[in-house]
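Protein chains in written order, with the working numbering: chain G, 23 to 220; chain E, 340 to 615. All residues carry an ideal CB built from backbone N, CA and C; glycine is no exception. These numbers come from a predicted model, not from an experiment. A quick write-up on the structure given underneath.
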C-alpha cells in the first residue's frame with residue numbers, strides 16, 4: 023500500500039537469491055561478543071519453510087541493545103576488533119537451516135519496556151526481508167504490558183518469545199509459513215507487500 | 340490489520356521443487372500475465388497501488404513454501420529499531436568500490452561505472468551508510484560453490500564490492516557488466532542481468548536488499564522475480580539509466596541508479612551532521 027506520508031516512491035525489494043556467499047558473510051559476523059566473555063550467550067534457531075523443511079540458504083541479521091539497554095553507535099560492524107560491542111550480527115544458516123549468534127541478553131532500553139533482539143530474515147524465495155522480534159521469556163510483567171504482544175492471540179504471541187535453555191542460551195526458531203508461522207512485522211512508513219488476495 | 344489468515348496455500352498442481360523446472364516459459368509468462376491483469380483490474384476498481392515486490396508470487400516457485408501466508412503485523416518501532424548499525428572507514432576501504440582491481444589481472448567483460456544517490460522516502464540523503472553489491476561475471480557465473488552453471492569463472496573477478504555513502508548519499512562502483520544466467524524456476528528460465536544491492540538506512544526498519552537491472556533487457560517480461568512487482572511504475576524503479584556523462588573516455592560506460600529507501604520513523608529534531 024503506498025504511504026501517503028512519503029514524497030518519493032521507495033525502491034522495491036528483491037530476493038537475496040542463493041549466491042550472496044562471498045558478499046555478505048564476514049569474519050566473526052555471528053559473534054557480537056567473544057564466547058568466553060562473561061555474560062555471553064548463544065542465540066540460535068532453525069529456519070523452516072511451509073512444510074517444515076529447513077531452509078539452507080537463508081541469511082539472518084540481528085540488531086539489539088547491549089546488556090545495559092544502550093544502543094551502540096560505534097563503527098566496526100564489519101571489521102570486528104573483539105572488544106567493541108556494535109549490537110549488530112549477520113550469519114548465513116548452515117545446510118540444516120540453523121543459525122547461531124554469540125551475544126548478550128539485551129537490556130531494557132526504557133523503564134517498563136520488554137527487551138528483545140530484532141531479527142531480520144533473508145532467503146532465496148523471499149522477495150523482501152522479514153522482520154521479527156525475539157523477546158526474552160523473563161520480564162513477565164513487561165511482556166504482559168508490551169503493546170505488540172498484547173495485540174496477538176496466545177498462539178501468535180508464542181512465536182515471538184525465545185525459549186531460555188538450561189545453559190543460559192536463547193532458542194528462537196523461525197517458521198516462514200504454515201503451522202506455528204512466525205509473526206513478521208511491518209512498520210509505519212514502510213511499504214508492506216500485498217498478499218495474493220489482498 | 341493484524342495476522343488474519345489469507346487463502347494462499349501452495350496450489351497442488353504447482354511443483355514447489357526449485358530444481359523441477361516443470362513449467363514452460365509460456366505457462367510461466369501466462370501466470371505472470373494473469374496476476375498483472377488482476378492487479379490492473381483491481382486498480383481500476385479502487386484497490387491500492389502496490390509499490391514493492393509481492394512476498395507470495397507463485398510464478399516464482401521458491402516463494403511458494405517460503406512466503407508467509409499471514410499479513411505482516413503492523414507495529415510501531417521501539418527505540419532500537421529507530422537506529423541502524425554504525426559503519427565507517429574502519430569497515431570499508433575506498434578501493435572496495437572497484438570490483439575490477441581485486442585480483443592480479445583485468446577481469447573480462449564490459450567495464451562499467453554505476454553511480455547514484457541513496458535517499459529516504461522524504462528525499463533526505465542517507466549519508467555514511469553501508470552499500471554492499473554482488474553479481475555474476477561477464478559470462479553469467481557467480482563465484483559460489485552452489486552455482487554450477489557451466490559458464491567460465493573469471494580468475495580476476497569475484498563480483499563483490501562495498502562502499503560507504505557520501506555526505507549527499509552518493510555512491511560509485513566500478514565493475515563489469517554481468518550477463519544473464521539460467522536458473523531452474525521453469526524450463527529455459529533466464530534471469531535478466533542484474534547487480535544485487537544491500538542497503539541500510541538510518542533506521543533498521545529501512546533495511547533493504549534489492550537488484551539493479553540494465554535498460555532494455557529482453558528478459559524483463561519473462562522473469563518472475565522482476566515481475567513480482569506487479570506495478571509497472573514501481574518495476575521501472577529497479578532499472579538503471581545509461582548516462583553518458585558517467586561514461587569515461589576509452590575506459591568505461593556509465594549507468595545511473597538512484598535508490599529510495601522507505602521513510603525514517605525517527606524524529607529528526609536532532610542534528611543530522613556527524614551522527615555516524
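Beta-carbon proximity check, residue 209 (chain G) vs residue 549 (chain E), cutoff 8 angstroms
In the first chain, the residue the question calls residue 209 (chain G) occupies position 187. In the second chain, the residue the question calls residue 549 (chain E) occupies position 210. For the 8 angstroms CB-CB criterion, residue 209 (chain G) and residue 549 (chain E) do not form a contact.
Are the CB atoms of residue 586 (chain E) and residue 459 (chain E) nearer to each other than 8 angstroms?
What you label residue 586 (chain E) is simply residue 247 of the second chain in a count that begins at 1. What you label residue 459 (chain E) is simply residue 120 of the second chain in a count that begins at 1. Contact: no.
Which chain E residues sit within Cβ distance under 9 angstroms of residue 170 (chain G)?
Within the first chain, residue 170 (chain G) is the residue found at index 148, counting from 1. Below the 9 angstroms Cβ cutoff, chain E contributes 412, 414, 415 and 417 as neighbours of residue 170 (chain G), in chain order.
Starting from the C-beta of residue 99 (chain G), find all residues in its chain whose C-beta is less than 6 angstroms away, skip the five residues before and the five after it, and write them out in chain order.
The sequence position of residue 99 (chain G) within the first chain is 77, counting from 1. Result list for residue 99 (chain G): 108 and 110, in chain order.
Could you confirm whether any beta carbon from chain G is found closer than 8 angstroms to the beta carbon of residue 492 (chain E)?
On the second chain, residue 492 (chain E) is found 153 positions in, with the first residue counted as 1. No - not a single Cβ of chain G is within 8 angstroms of the one on residue 492 (chain E).
Using a C-beta cutoff of 8 angstroms, does residue 442 (chain E) count as contacting chain G?
The sequence position of residue 442 (chain E) within the second chain is 103, counting from 1. It does not: the Cβ of residue 442 (chain E) has no partner Cβ on chain G nearer than 8 angstroms.
Determine the contact status of residue 633 (chain E) and residue 518 (chain E), defining contact as a CB-CB distance below 8 angstroms.
With chain E covering only 340 through 615, there is no way to say anything about residue 633 (chain E).
Helix or strand or just coil, what does DSSP make of residue 571 (chain E)?
Looking up residue 571 (chain E) in the second chain gives position 232. Shown here, residue 571 (chain E) sits in a helix according to DSSP, grouped into three states.
Going along chain G in order, which residues have a C-beta closer than 8 angstroms to the C-beta of residue 430 (chain E)?
In the second chain, the residue the question calls residue 430 (chain E) occupies position 91. Chain G residues near residue 430 (chain E): 97, 98, 99, 100 and 101.
Can you find a C-beta in chain E that's less than 8 angstroms from the C-beta of residue 203 (chain G)?
Along the first chain, one-based indexing puts residue 203 (chain G) at 181. Under the Cβ distance rule, residue 203 (chain G) counts among the residues neighbouring chain E, one pair being separated by less than 8 angstroms.
Candidates G:177, G:174 and G:116, of which the one nearest residue 66 (chain G) by Cα
The sequence position of residue 66 (chain G) within the first chain is 44, counting from 1. Checked all of G:177, G:174 and G:116; the closest Cα to residue 66 (chain G) is G:116.
Report the start-end ranges of each beta strand (DSSP E) in the stretch 422 to 494 of chain E that is 3 residues or longer and not cut off at the edges.
Runs of the beta strand (DSSP E) spanning 3 or more residues and lying entirely within the stretch 422 to 494 of chain E occur at 450 to 458 and 469 to 474, in chain order.
What does the alpha-carbon distance come out to for the pair residue 473 (chain E) and residue 166 (chain G)?
Here residue 473 (chain E) refers to the residue found at position 134 when the second chain is read from its first residue. Here residue 166 (chain G) refers to the residue found at position 144 when the first chain is read from its first residue. Going from the Cα of residue 473 (chain E) to the Cα of residue 166 (chain G) covers about 43 angstroms.
Are the Cβ atoms of residue 418 (chain E) and residue 93 (chain G) separated by less than 8 angstroms?
Reading the second chain from its first residue, position 79 is the one you call residue 418 (chain E). Reading the first chain from its first residue, position 71 is the one you call residue 93 (chain G). Yes, Cβ-Cβ distance for residue 418 (chain E) and residue 93 (chain G) is below 8 angstroms.
Mapping DSSP to helix, strand and coil, what is residue 610 (chain E)?
Your numbering for residue 610 (chain E) matches position 271 in the second chain. In this prediction, residue 610 (chain E) has a pLDDT of 49, which is less than 50 and means its spatial position is unreliable; nothing more can be read from the coordinates.
Would you be able to state if there are at least three C-beta pairs under 8 angstroms between the stretch 506 to 515 of chain E and the stretch 462 to 469 of chain E?
With a cut-off of 8 angstroms, the stretch 506 to 515 of chain E and the stretch 462 to 469 of chain E count as touching, because enough Cβ pairs lie within range.
When the Cα of residue 408 (chain E) is compared with those of G:123, G:206, G:212 and G:211, which residue comes out closest?
Taking the second chain and counting its residues from 1, the one referred to as residue 408 (chain E) is at position 69. The shortest C-alpha to C-alpha distance from residue 408 (chain E) to any of G:123, G:206, G:212 and G:211 is the one to G:206.
Determine the direct distance from the alpha carbon of residue 588 (chain E) to that of residue 152 (chain G), and round the result to whole angstroms.
The residue labelled residue 152 (chain G) in the question sits at position 130 within the first chain. The residue labelled residue 588 (chain E) in the question sits at position 249 within the second chain. Note on geometry: alpha-carbon atoms of residue 152 (chain G) and residue 588 (chain E) lie some 43 angstroms from one another.
Residues in the stretch 549 to 560 of chain E having any Cβ partner in chain G nearer than 7 angstroms
Among the residues of the stretch 549 to 560 of chain E, those with a Cβ less than 7 angstroms away from any Cβ of chain G are 549 and 550, in the order of the chain.
From the beta carbon of residue 34 (chain G), is the nearest beta carbon of chain E less than 8 angstroms away?
For the purposes of this step, residue 34 (chain G) is identified with residue 12 of the first chain, where counting begins at 1. With 8 angstroms as the cut-off, residue 34 (chain G) counts as an interface residue toward chain E.
So what's residue 581 (chain E) in DSSP terms, helix, strand or just coil?
For the purposes of this step, residue 581 (chain E) is taken as the residue at position 242 of the second chain. DSSP places residue 581 (chain E) in strand when its eight states are reduced to three.
Straight-line Cα distance separating residue 160 (chain G) from residue 533 (chain E)
As a first step, residue 533 (chain E) is located in the second chain; it is residue number 194 there, counting from the start. As a first step, residue 160 (chain G) is located in the first chain; it is residue number 138 there, counting from the start. Here the alpha carbon of residue 533 (chain E) sits roughly 46 angstroms from the alpha carbon of residue 160 (chain G).
Grab me the residues of residue 389 (chain E)'s own chain with a C-beta within less than 8 angstroms of its C-beta, minus the 5 sequence neighbours each way, in chain order.
Counted from its first residue, the second chain places residue 389 (chain E) at position 50. Cβ within range, chain order: 378, 568, 569, 570 and 573.
For residue 129 (chain G), which residues in the same chain have their Cβ closer than 8 angstroms to its Cβ, ignoring the five residues on either side in sequence?
Here residue 129 (chain G) refers to the residue found at position 107 when the first chain is read from its first residue. These residues qualify, in order along the chain: 87, 88, 89, 90, 91, 92 and 137.
Suppose contacts are defined by Cβ-Cβ distances below 8 angstroms. Is residue 156 (chain G) in contact with residue 141 (chain G) by that definition?
By 1-based counting over the first chain, the position of residue 156 (chain G) is 134. By 1-based counting over the first chain, the position of residue 141 (chain G) is 119. Taking 8 angstroms as the Cβ cut-off, residue 156 (chain G) and residue 141 (chain G) qualify as a contacting pair.
Output needed for residue 71 (chain G): all residues of its chain with C-beta closer than 7 angstroms, excluding positions within five of it in sequence on either side, in chain order.
Looking up residue 71 (chain G) in the first chain gives position 49. Around residue 71 (chain G): 77, 198 and 199.
Cut-off 7 angstroms between Cβ atoms - residues of its own chain near residue 178 (chain G), not counting five sequence neighbours on either side
Walking along the first chain from the start, residue 178 (chain G) turns up at place 156. Hits under 7 angstroms: 205.
Expressed to the nearest angstrom, what Euclidean distance is found between the alpha-carbon atoms of residue 183 (chain G) and residue 470 (chain E)?
By one-based count along the first chain, residue 183 (chain G) stands at place 161. By one-based count along the second chain, residue 470 (chain E) stands at place 131. Spanning the two alpha carbons is a distance of roughly 32 angstroms.
Residues in the same chain with beta-carbon distance under 6 angstroms from residue 555 (chain E), minus the five sequence neighbours each way, listed in chain order, please.
By one-based count along the second chain, residue 555 (chain E) stands at place 216. Cβ neighbours of residue 555 (chain E) beyond the five flanking positions: none.
According to DSSP, which residues form a beta bridge with residue 141 (chain G)?
Locating residue 141 (chain G) in the first chain gives position 119, counting from the first residue. In the DSSP secondary-structure assignment, residue 141 (chain G) is bridged to G:84 and G:154.
Burial state of residue 39 (chain G) (16 or more Cβ within 10 Å)
The sequence position of residue 39 (chain G) within the first chain is 17, counting from 1. Burial state of residue 39 (chain G) is buried, judged by a 10 Å Cβ sphere holding 16 or more other Cβ atoms.
Considering only C-alpha positions, which residue in the set E:445, E:360 and E:487 is nearest to residue 400 (chain E)?
The residue labelled residue 400 (chain E) in the question sits at position 61 within the second chain. Nearest C-alpha to residue 400 (chain E): E:360.
Consult DSSP for residue 163 (chain G) and reduce its assignment to one of helix, strand or coil.
Counting from one through the first chain, the residue named residue 163 (chain G) turns up at place 141. In this structure, residue 163 (chain G) counts as helix in the three-state DSSP scheme.
Could you say which of E:422, E:536 and E:414 lies nearest to residue 453 (chain E) if we only look at CA atoms?
Position 114 of the second chain, counted from the first residue, corresponds to residue 453 (chain E). Of all alpha-carbon atoms in E:422, E:536 and E:414, the one lying nearest the alpha-carbon of residue 453 (chain E) is that of E:536.
Where residue 192 (chain G) falls: helix, strand or coil (DSSP)
The residue labelled residue 192 (chain G) in the question sits at position 170 within the first chain. The three-state secondary structure of residue 192 (chain G), taken from DSSP, is strand.
If you measure from the beta carbon of residue 342 (chain E) to each beta carbon in chain G, is any gap under 8 angstroms?
As a working mapping, residue 342 (chain E) is identified with position 3 in the second chain. Legend: pLDDT at residue 342 (chain E) = 46, less than 50; position of this residue unreliable, value from coordinates given subsequently. Cβ-Cβ to chain G under 8 angstroms: yes for residue 342 (chain E).
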